[in-house]
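There are 2 protein chains.
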Amino acid sequence: MSSIYQVAEMAGVSVATVSRVINERGYVSEKTRLKVQEAINILHYTPNQAAQSLTTSSTKLIGLLVPDINNPVFLEQSKGINDYLKDKGYILMYAESGEDDEEMSNMVRRFLSNRVDGMILCSRDFTQFGDMDAIIEPALKNNVHVVLNGYVDSKFEIDRVGFDNVRGAYLATEHLLKMGHSSIALIAGTDSTISEERYRGYREAHIDNHVSLNPALVVKGDFRQHSGYEAMLKILQMNPRPTAVFAMNDVMAIGAMMALEDHKVSVPDEIAVAGFDDIIWCSLIRPRLTSVVQPKYEIGKKLAEFLLSRMNDSYSGPGRHEIFGSRLAVRQSTVKSEQQ
Amino acid sequence: MSSIYQVAEMAGVSVATVSRVINERGYVSEKTRLKVQEAINILHYTPNQAAQSLTTSSTKLIGLLVPDINNPVFLEQSKGINDYLKDKGYILMYAESGEDDEEMSNMVRRFLSNRVDGMILCSRDFTQFGDMDAIIEPALKNNVHVVLNGYVDSKFEIDRVGFDNVRGAYLATEHLLKMGHSSIALIAGTDSTISEERYRGYREAHIDNHVSLNPALVVKGDFRQHSGYEAMLKILQMNPRPTAVFAMNDVMAIGAMMALEDHKVSVPDEIAVAGFDDIIWCSLIRPRLTSVVQPKYEIGKKLAEFLLSRMNDSYSGPGRHEIFGSRLAVRQSTVKSEQQ
DNA sequence: TTGAAAGCGATACCAC
DNA sequence: GTGGTATCGCTTTCAA
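Keeping their order, the protein sequence lines are chains B and C.
One point on numbering: in UniProt numbering, the residue at position 303 of the first sequence is 303, and numbering is uninterrupted.
One point on numbering: in UniProt numbering, the residue at position 323 of the second sequence is 323, and numbering is uninterrupted.
Printed below as a string of structure tokens:
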């Protein structure tokens with residue numbers, strides 16, 4: 001593979017000049033520029049990224065850490081990130097934390113060792129990392145910018161983009177209450193900030209609508225499909241049986257619906273189901289799943305935007321914090337046919 | 001970020017020695033090894049990939065090109081690839097060709113400019129690239145190994161892993177014929193090798209079962225969901241109306257099922273539907289979709305395995321060609337309740 | 001068993 | 001405008 005030296009030789013100039021035309025920096029006469037350009041074409045020359053990285057200490061790599069690759073939420077979000085970054089020449093390095101705090105630290109270290117230019121960390125709960133700042137600090141110190149999806153206290157000026165989980169859960173719960181349900185089971189996720197927030201919405205909707213809260217209706221899952229299935233099994237045992245279920249995310253809601261199907265319980269007639277995230281599966285499953293719409297793609301884009309603006313120094317002020325709003329997509333899983 | 005020099009200095013040895021302990025190559029006394037190791041730990045040192053790449057001319061990057069990121073088939077396949085490669089320190093660079101031949105060439109070039117160590121190219125039809133060898137050659141010449149998912153003639157010794165599309169389509173068609181359908185519409189994909197093969201299976205099943213083939217029953221789609229929807233609309237207009245539909249992939253089959261739902265045509269009672277690929281959506285949708293099972297994850301793994309064995313020279317013989325076999329997953333979309 | 005030094009391919013400062 | 005050259009962080013002979 002040809003190097004800058006061969007281009008220089010062929011064009012009869014120095015490597016410095018070739019470098020200038022490649023990077024469109026500094027003065028180069030039109031005539032030499034053409035000569036160099038031609039040599040580049042003939043040799044099919046493309047700069048060696050590794051060599052460039054070494055001198056510029058920029059790799060054009062972005063680390064992206066997500067909790068669960070199998071959850072379509074993160075896929076969608078990644079698309080937003082990737083679409084924004086790829087034209088700018090950045091490439092993504094994917095990693096999965098599996099919601100495990102040790103794994104998270106490992107991956108961040110690995111990003112650092114790969115000398116990523118920046119990283120985007122997504123977590124359902126940053127507080128679990130005890131001292132998140134300790135993880136972030138080495139990155140920031142080495143001029144590796146970090147943006148977070150989710151919330152965490154930090155002494156650093158760090159950008160975050162989040163989603164109004166409280167409001168989202170509120171909307172879903174309120175909707176169920178308005179549909180006449182007064183006993184709404186909750187399939188919760190793992191202990192985490194996100195679960196707390198979604199629980200708060202569930203709780204506040206009850207309070208505002210003067211419906212008493214029953215702790216016995218809360219069943220814990222782990223945000224994955226199977227746990228939704230299991231949780232629903234427990235809910236079916238309850239006496240009296242709830243007439244509605246709100247799951248803290250869609251994949252659990254779908255697991256729950258499968259359990260209902262297996263037990264021949266009709267949705268929404270016997271039990272109404274609502275989820276959270278509005279993943280593509282909501283429209284695939286029958287009945288279609290009512291869900292809180294999270295603008296995943298836009299969140300991804302915003303994360304990328306924040307990061308890029310930090311990396312190219314077009315912004316260097318205090319930590320920004322963007323919260324995307326919620327909306328509920330009402331579908332068949334919560335609306336009885338006679339109510340439609 | 002600390003460099004090898006700082007480690008060397010701290011440990012009181014030369015950089016060469018540090019390099020030896022990092023790479024576990026050459027002789028190092030246990031005593032010095034320990035000293036160096038300690039310095040590494042204290043400094044949280046990790047080798048700079050870019051610098052390593054520059055000397056070793058290996059980037060630990062693998063280029064992966066897929067036709068359509070939105071199709072779960074490729075997601076699943078990528079997982080197989082990634083799982084196999086990540087422990088070995090390789091990272092994937094994803095690119096999407098959108099089934100566009102120009103884009104494909106671009107991406108391959110970009111891989112080259114990023115000096116990937118190897119690349120995995122997936123396409124539904126390599127023949128469209130006119131001279132595929134012209135694309136592969138620069139890669140191979142620069143010691144960048146290439147493996148293909150799919151078939152193409154090549155003068156190079158190149159590894160490929162494929163799937164028995166003819167057999168798969170045969171199984172699905174045969175199943176529909178056996179279920180008593182004699183008029184089976186076909187939703188085809190874009191003109192491509194894969195479409196041809198799947199058509200051949202459809203055709204052969206008809207011949208072997210002495211059912212005449214009707215070209216009017218073939219409607220062309222583009223492998224994407226919407227085209228399946230549109231195709232089904234056309235099929236519904238046919239007179240007489242077919243009693244079964246075989247779509248060349250699942251996302252089109254699902255699009256077709258949505259059209260049927262919108263027009264209140266019951267599946268499988270009025271029209272039976274079968275797809276191809278066995279993506280996760282098949283079990284989500286109701287009725288569950290009968291589909292040809294393609295071992296996507298295993299195919300991905302095999303691709304990675306082939307590539308790795310070439311890269312580390314553990315294999316350098318003639319081009320290998322592995323074809324995975326088919327099996328049909330029969331589900332509700334093709335079996336009437338009274339037949340179950 | 002260890003160290004000195006050349007070289008990988010680019011960038012950027014300093015002369016001219 | 002253009003060229004010479006130190007430098008980035010590492011690997012790898014070659015000597016010692």
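For every residue, glycine included, the Cβ atom is placed at its ideal position computed from N, Cα and C.
As the structure is a prediction and not an experimental result, all values here were calculated from the model.
- Within chain C, the residues placing a beta-carbon under 8 Å from that of I285 (chain B) are L284, I285 and R286, ordered along the chain.
- Taking CB atoms only, Q77 (chain C) has no neighbour in chain B less than 8 Å away.
- 8 Å or more divides the Cβ of D278 (chain C) from the Cβ of V267 (chain C).
- Taking 8 Å as the cut-off between beta carbons, none of the residues of the region 16 to 28 of chain C comes near chain B.
- Within 10 angstroms of the beta-carbon of S316 (chain C) lie fewer than 16 other beta-carbons, which makes it exposed.
- Residue environment analysis places L289 (chain C) among the buried positions, since at least 16 neighbouring C-beta atoms fall within 10 angstroms of its C-beta.
- Residue pairing by DSSP puts K220 (chain C) in a beta bridge opposite C:A188.
- Classified as exposed, N23 (chain B) has fewer than 16 neighbouring CB atoms from the shown chains inside 10 Å of its CB.
- In the three-state reduction of the DSSP assignment, V7 (chain B) falls in the helix class, which pools H, G and I.
- Only exposed fits Q237 (chain C), as fewer than 16 other CB atoms lie within 10 angstroms of its CB.
- At the C-beta level, S113 (chain C) and M132 (chain C) stay beyond 8 Å of one another.
- Excluding its 5 nearest sequence neighbours in each direction, L176 (chain B) has C-beta neighbours in its own chain below 8 Å: I184, A244, F246, A272, A274 and T334, listed in chain order.
- Contact check for L92 (chain C) against N82 (chain C) passes: the beta carbons are separated by less than 8 Å.
- At least one CB atom of chain C sits nearer than 8 Å to the CB of Q49 (chain B).
- Within the DSSP secondary-structure output, L328 (chain B) pairs in a beta bridge with B:V292.
- For the pair P67 (chain B) and E99 (chain B), the CB atoms are nearer than the 8 Å cut-off.
- For K301 (chain B), the closest of B:G162, B:A256, B:G319 and B:A231 by C-alpha to C-alpha distance is B:G162.
- Here DSSP, grouped into helix, strand and coil, assigns R160 (chain B) to strand.
- Your pair N165 (chain C) and R198 (chain C) checks out as a contact, with CB atoms roughly 5 Å apart and the cut at 8 Å.
- Proximity of S113 (chain B) to chain C, defined by a Cβ-Cβ separation below 8 Å, is satisfied.
- If you check the CB distance, G168 (chain C) and F276 (chain C) come in under 8 Å.
- Under the Cβ distance rule, T334 (chain B) does not count among the residues neighbouring chain C, no pair being separated by less than 8 Å.
- In the DSSP assignment, M119 (chain C) falls within the beta strand (DSSP E) that extends over G118 to C122.
- Counting along the chain, the unbroken beta strand (DSSP E) around G63 (chain C) starts and ends at L61 to V66.
- Pairwise C-beta distances place the region 10 to 30 of chain C out of contact with the region 304 to 320 of chain B, as fewer than three of them are shorter than 8 Å.
- Separation of the CB atoms of L121 (chain C) and V144 (chain C) is rounded to 12 Å, and the pair is thereby denied contact status at 8 Å.
- Shown in chain order are the members of the region 132 to 145 of chain B whose Cβ falls below 8 Å from a Cβ of chain C: P138 and N142.
- The CB of S53 (chain C) comes closer than 9 Å to the CB of N48, Q49, A50, A51, S53 and L54 in chain B, given here in chain order.
- In terms of Cβ geometry, A95 (chain B) and T59 (chain C) do not form a close pair [threshold 8 Å].
- Apart from sequence neighbours up to five positions away, the residues of its chain that approach F306 (chain C) with a beta-carbon distance below 7 Å are V147, D159, V161 and R320, ordered along the chain.
- Shown here, E96 (chain B) sits in a strand according to DSSP, grouped into three states.
- The beta-carbon distance between V152 (chain C) and F126 (chain C), rounded to whole angstroms, is 3 Å. This is short enough to meet the 8 Å contact definition.
- Pairwise C-beta distances place the region 182 to 196 of chain B in contact with the region 248 to 265 of chain B, as three or more of them are shorter than 8 Å.
- Residues of the region 82 to 94 of chain C with a C-beta atom less than 7 Å from some C-beta of chain B are I91 and M93, listed in chain order.
- For A304 (chain C) against Y170 (chain C), the beta-carbon gap comes to about 29 Å, at or over 8 Å, which does not count as contact.
- For D133 (chain B), the enclosing alpha helix (DSSP H) covers residues M132 to K141.
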